[in-house]
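Here's the structure, in structure tokens; my notes come after.
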Amino acid sequence: MPGVIRATLLLVFWLGVPASVSAQTAVKNVRDFDPALLAGKTCYETFSNGRDCPNCVGAAVVRFSVRDELLIEHFWRSYGADVYRRMTAVVADPNTLPDLAGFRDYGEDTLLTVVGNAIHGQRADRYSWDGTYQPGGRIFGSNSLGASFTGICRPTPSP
Numbered sequence: 018m019p020g021v022i023r024a025t026l027l028l029v030f031w032l033g034v035p036a037s038v039s040a041q042t043a044v045k046n047v048r049d050f051d052p053a054l055l056a057g058k059t060c061y062e063t064f065s066n067g068r069d070c071p072n073c074v075g076a077a078v079v080r081f082s083v084r085d086e087l088l089i090e091h092f093w094r095s096y097g098a099d100v101y102r103r104m105t106a107v108v109a110d111p112n113t114l115p116d117l118a119g120f121r122d123y124g125e126d127t128l129l130t131v132v133g134n135a136i137h138g139q140r141a142d143r144y145s146w147d148g149t150y151q152p153g154g155r156i157f158g159s160n161s162l163g164a165s166f167t168g169i170c171r172p173t174p175s176p
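FYI, the numbering for the sequence shown is 18 to 176, going by the numbering used here.
Here you go:
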């Protein structure tokens, strides 16, 4: 019997622990953070740069998923005080989902890094954002357009 146990331990050592035992999926662009906190989540955000102009306030939606060992984001954005007001209600009420009509779909992006609870999104069009993931699925941060944002992340709704 000790020989069987020794052989099993050697096999596990050489082949690695089975995937079902693993606590996390290895994700190349995530370090010191559980990617499950974002993967499969959609974050609803309001933003403002503090000025009074049509494009100074608005809302964004970021959907996270894991593909090819990378955490990726899918990004939508819309501007205006009305959009900001509607998304504020979504952020405040977990039973409300946003209507993405009028939001521009910027597509998926893989230029995303997460270290600890710090998230950096860098799009190919040079738009970038930096956020901090907080307990309870909240993200606070700012973007390269000079706007600050606050958002809540929830499980991505089924289509």
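Backbone N, C-alpha and C fix where the C-beta goes; we use that ideal spot for every residue, glycine too.
message = If contacts are defined as beta-carbon pairs under 8 Å, then Gly158 and Gly148 qualify, I think. What distance do you get, rounded to the angstrom?
response = The residue given as residue 158 occupies position 141 in the sequence shown. The residue given as residue 148 occupies position 131 in the sequence shown. Indeed they touch by this definition, with Cβ atoms about 3 Å apart.
request  = Jot down the residue ranges of each uninterrupted beta strand (DSSP E) in the region 114-140, minimum 3 residues, whole runs only, in chain order.
outcome  = Entirely contained in the region 114-140, the beta strand (DSSP E) runs reaching 3 residues are, in chain order, 121-126, 129-132, 135-139.
request  = Classify Val107 as helix, strand or coil using the three-state DSSP reduction.
outcome  = Residue numbering aside, residue 107 sits at position 90 when the sequence shown is read from its first letter. DSSP, reduced to helix, strand and coil, places Val107 within a helical segment of the structure shown.
request  = Mark Ser161 as exposed unless 16 or more other C-beta atoms lie within 10 angstroms of its C-beta, in which case mark it buried.
outcome  = Along the sequence shown, read from residue 1 onward, the residue named residue 161 stands at position 144. Exposed.
message = Excluding the 5 residues flanking Ala98 on each side, which residues of the same chain have their C-beta closer than 6 Å to its C-beta?
response = Looking up residue 98 in the sequence shown gives position 81. Result list for Ala98: Val74, in chain order.
task = Report all residues from its chain with a CB closer than 6 Å to the CB of Glu62; omit the five preceding and five following residues, and keep chain order.
result = Looking up residue 62 in the sequence shown gives position 45. So the list reads Ala77, Phe166, Gly168, once near-sequence residues are dropped.
request  = Assign Gly124 to one of two classes, buried (16 or more other C-beta atoms within 10 Å of its C-beta) or exposed (fewer than that).
outcome  = Translated into positions along the sequence shown, residue 124 becomes position 107. With fewer than 16 other Cβ atoms within 10 Å, it is exposed.
ask   = Okay, do the region 51-60 and the region 83-96 touch, 3+ Cβ pairs below 8 Å being the bar?
value = In short, these stretches touch, since the Cβ pair count reaches three.
ask   = Which word fits Phe131, buried or exposed, when buried means at least 16 other C-beta atoms lie within 10 angstroms of its C-beta?
value = Counting from 1 along the sequence shown, the entry for residue 131 is found at position 114. Just to set this straight, residue 131 is Val in the shown sequence, not Phe. Burial state of Val131 is buried, judged by a 10 Å Cβ sphere holding 16 or more other Cβ atoms.
query = Going by DSSP, what residues sit across from Asn160 in a beta bridge?
reply = Within the sequence shown, numbered from 1, the residue matching residue 160 stands at position 143. Looking at the DSSP output, Asn160 bridges to Trp146.
query = Between the beta-carbon of Arg140 and the beta-carbon of Asp122, is there less than 8 Å?
reply = The count along the sequence shown starts at 1 and reaches residue 140 at position 123. The count along the sequence shown starts at 1 and reaches residue 122 at position 105. Against a cut-off of 8 Å, the Cβ pair of Asp122 and Arg140 comes out as no contact.
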